[in-house]
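Structure representation (C-alpha cells):
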C-alpha cells in the first residue's frame, strides 16, 4: 500500500479535463484538493458535439440542471443517428436510442417481425420504434410522463466552459500554464510533479491525463504503450467546420458515407457542426477539403480544421499514479458519438474505486479491465458498420467489406445470421436494439429465427403489429415540433430574441 491520495492534478482542460474536474469537485470535493492545469495557448479538439443518452445519467449524478446546460451550450435534442449510403449507395436507416417493438421471455421483437415478414405483412422494422418515428417526424417532447430516450447535440467548447464554471463552485483550482516537463519519482517511477514553463511545480498524489492524443503523462512520461486498431478502423483524419443553420434543427445526427469514409452533420440551436472523416490512404487532404466544401449547407463560419488520429487504445488507462481519460486514453472514432461517454464512464468508475488509502495494483487492474472491456465492445460495434456493407464501388469499401474482424464481433455476426439472436456482452454500452438496427439497417438478415410468432394466428400477429404501430403514430402526432419544444424549454438568448421578433 502506498501513500494516501489527497491531491489530484488534472493535466489539460477542454471537455475531458473539466468533466473530470466537475465530477471530482462535486462528488469528492470535501475530501480532495483538485487542481486543473491548462494553457489558454493550447486549443482543444472540441468537435465532440454529439452525445448518447448516458450523458443524462452523468448530469443527474452531478445535479446539473438540463435546461441550464442546454441554454449554455446551444444544445438540441438527439434521438439517434441517420446512416446514409452505408449498406449500399442510396440506403438510409436510423439507429435510434429507442426500443423496437416488444418481445417476451422467449425472444426479442425481431423474431415476431421476421415471422410477419415471412408471411408478407410486416412493415419496416423501424416503424415499431417510438423514438425513431419521432425523429423522422421532426418532433420531440420530454417530461415526467414521457419516457423518451434521448441525448444531445451541443457546442463542445461551450460545454467545457460550462463545466469549468460548475467545477469552480466546488473548489477546483485552475492553474494557467504550459507543462514543460513531467517529473518522475526516482525511486517509485510515479509522477511526482508537473513542471510548468514558468518553473512552477504542481505536485500531486494522483494525476489525470487529459492532454489529448499526445498523452503527455500516460505515454510521453510513463511509456504505457498503444494498441493500434487501424487494421479494423482505417480512417485516420477528420476535417471539421461550422456553418450557419439554414433550417430547423433535426433530432438526429447525419452520418453520410462517401467513397473513403463518411461525413457528419450535427445541428445546434445557433449553427451546424460539419465534418469529413476519411482514410488518407484513399483521399488526399485537398480532395477532402473540396468534398467537404461541396457538401455543406449555409454560410461557412470557420475555416476547416484538420484532425489527425490513430484508432486504438493505451495498453492501460491507469499506469502507476496516472489515469488517462478522454483522447489521451485512446480513440475509436466519432461514428457513434461515444467520446464524451467514455470520459464520463471513466471518471464515474474512478469515483467508485477512488484510492483514498493509497494506489494499489488490484485497484488499477480492476479499473483497467473494466475500461478495456468497454472500449473493445464499442470498437466491435463501430467495426460492424464498416464490415456490414455491400458496397464495392471504391477500394476503401472493398477493404472494409473483406477485412478480417475481431473474433468477438465475428461470433456476434454469425450468431445473428444463423438464429437472429443478439446476445450482448455484459460490458456492452450498446444493447440489443442498437445491434439490431445497425445489422438489419445494413441489409444483414438472419437465415432463421425463433418461431414464437408461429404460436399466434396470422390475425393475432398482424393485429399485434398494427396496434404497436398505431400507438406510436398517435403518440408522435401529439408531440410538438423539435424547434417549438426547444423555444419553450431551453432556447438560448439569441433564439429567444428571434422568437420574440417573430411574435
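In UniProt numbering, the protein residues as written are 1 to 503. Positions of the beta carbon are idealized from the N, C-alpha and C atoms, including for glycine.
**Prompt:** With respect to the beta strand (DSSP E) encompassing residue 183, which residues constitute its N-terminal and C-terminal limits?
**Reply:** Note, residue 183: beta strand (DSSP E), 179-184.
**Message:** Rounding to the nearest angstrom, what Cα-Cα distance links residue 26 and residue 32 in this structure?
**Reply:** Pairing residue 26 with residue 32, the inter-Cα distance amounts to about 11 Å.
**Inter-residue Cα distance where the pair is residue 97 and residue 434** = Residue 97 and residue 434: Cα-Cα distance of roughly 7 Å.
**Prompt:** Under 7 Å, do residue 101 and residue 439 count as touching if we go by C-beta distance?
**Reply:** Not in contact: residue 101 and residue 439 (Cβ atoms no closer than 7 Å).
**Request:** Reducing DSSP to helix, strand and coil, say where residue 78 ends up.
**Result:** Residue state, collapsed to three classes: strand.
**Request:** Output the distance between the C-alpha atoms of residue 233 and residue 383, rounded to the nearest integer angstrom.
**Result:** The C-alpha of residue 383 is placed about 6 Å away from the C-alpha of residue 233.
**Message:** Checking 7 Å against the spacing of the C-beta atoms, do residue 507 and residue 428 come in under that value?
**Reply:** Residue 507 lies beyond the residue range present for the chain, which begins at 1 and ends at 503; the question has no answer from this structure.
**Runs of beta strand (DSSP E) wholly within the stretch 186-271 (minimum 3 residues, chain order)** = For the stretch 186-271, whole beta strand (DSSP E) runs of length 3 or above, ordered along the chain, are 191-196, 201-203, 206-209, 226-228, 237-244, 252-258, 261-267.
**Message:** At the level of alpha carbons, what is the spacing between residue 179 and residue 41?
**Reply:** Straight-line measurement puts the Cα of residue 41 at about 11 Å from the Cα of residue 179.
**Item:** Range of the contiguous beta strand (DSSP E) that encloses residue 152
**Value:** Residue 152 -> beta strand (DSSP E) spans 151-153.
**Asked** Using the rule of at least 16 other Cβ atoms within 10 Å of the residue's Cβ for burial, across every protein chain shown, is residue 317 buried or exposed?
**Response** Burial call: buried.
**Message:** When you compare the CB of residue 196 with every CB in chain E, is at least one pair closer than 7 Å?
**Reply:** Any reference to chain E falls outside this structure, which holds one protein chain only.
**Asked** Would residue 269 be called buried (16 or more neighbouring beta carbons within 10 Å of its own) or exposed?
**Response** Within 10 angstroms of the beta-carbon of residue 269 lie 16 or more other beta-carbons, which makes it buried.
**Prompt:** Under 7 Å between the Cβ atoms of residue 272 and residue 245?
**Reply:** Between residue 272 and residue 245, the C-beta gap is smaller than 7 Å, which places the two residues in contact.
**Prompt:** Comparing alpha-carbon positions, which option in 406, 162, 447 lies nearest residue 416?
**Reply:** Here the closest residue by C-alpha is 447.
**Prompt:** Of all the options 279, 249, 305, which has the alpha carbon lying nearest to the alpha carbon of residue 260?
**Reply:** For the residues 279, 249, 305, the minimum Cα distance to residue 260 belongs to 279.
**Request:** State the DSSP-derived secondary structure class of residue 96, mapped to helix, strand or coil.
**Result:** Residue 96: strand per DSSP, three-state reduction.
**Prompt:** Along the chain, where does the beta strand (DSSP E) that runs through residue 323 open and close?
**Reply:** Taken as a continuous stretch (DSSP letters only), the beta strand (DSSP E) holding residue 323 covers 322-324.
**Request:** At 4 residues or longer, and completely inside the stretch 381-450: list those alpha helix (DSSP H) runs for me, N to C.
**Result:** Every alpha helix (DSSP H) stretch that sits fully inside the stretch 381-450 and reaches 4 residues is listed by chain position as 395-402, 407-419, 432-441.
**Request:** Rounded to whole angstroms, what's the CA-CA distance from residue 263 to residue 337? Just pull it up for me.
**Result:** Between the alpha carbons of residue 263 and residue 337 lies a distance of about 13 Å.
**Message:** Rounded to whole angstroms, what is the Cα-Cα separation between residue 250 and residue 109?
**Reply:** Annotation: residue 250 to residue 109 spans about 28 Å, alpha carbon to alpha carbon.
**Item:** 7 Å Cβ shell around residue 167 - same chain, five flanking residues per side excluded
**Value:** Same-chain partners within the cutoff: 18, 21, 22, 25.
**Message:** Tell me the residue span of the alpha helix (DSSP H) that contains residue 488.
**Reply:** From DSSP, the alpha helix (DSSP H) with residue 488 extends over 482-489.
**Asked** Whole-angstrom Cβ separation of residue 53 and residue 149, contact assumed at under 8 Å?
**Response** The pair is a contact, with the Cβ atoms about 5 Å apart (cut-off 8 Å).
**Prompt:** At what residue ranges does the stretch 286-330 contain a whole run of the beta strand (DSSP E), taking only runs of 3 or more?
**Reply:** Those beta strand (DSSP E) runs which fall completely within the stretch 286-330 and span 3+ residues are 305-308, 312-314, 322-324.
**Message:** Let me check understanding here. Comparing Cα to Cα, which of 422, 380, 208, 344 lies closest to residue 60?
**Reply:** When only C-alpha atoms are compared, the closest one is 344.
**Prompt:** Are residue 254 and residue 137 close, meaning C-beta to C-beta below 7 Å?
**Reply:** No; because the gap between Cβ atoms is not below 7 Å, this pair is not in contact.
**Request:** Using beta-carbon positions only, say whether residue 430 and residue 367 come within less than 7 Å of one another.
**Result:** Contact flag unset, no.
**Message:** Taking only three categories from DSSP, how would you classify residue 9?
**Reply:** In the displayed model, residue 9 falls within a strand according to three-state DSSP.
**Asked** Since residue 175 sits in a beta bridge, which residues does DSSP pair it with?
**Response** Within the DSSP bridge table, the entry for residue 175 names 37 as partners.
**Message:** With H, G and I counted as helix, E and B as strand and the rest as coil, what does DSSP make of residue 357?
**Reply:** Reduced to three states, the DSSP call for residue 357 is coil.
**Message:** Let's test the definition: count the other Cβ atoms within 10 Å of the Cβ of residue 496 and tell me whether it reaches 16, buried, or not, exposed.
**Reply:** Only weak support exists for where residue 496 lies, its pLDDT of 39 falling under 50; the value from the coordinates is given anyway. It is exposed - the Cβ of residue 496 has fewer than 16 other Cβ atoms within 10 Å.
**Reference residue 313, options 422, 219, 72, 356, closest by Cα** = It is 219 whose Cα lies nearest to the Cα of residue 313.
**Range of the contiguous alpha helix (DSSP H) that encloses residue 66** = Per DSSP, residue 66 belongs to the alpha helix (DSSP H) from 66-72.
**Request:** Using three-state DSSP, classify residue 104 as helix, strand or coil.
**Result:** Residue 104 falls in the strand class under three-state DSSP.
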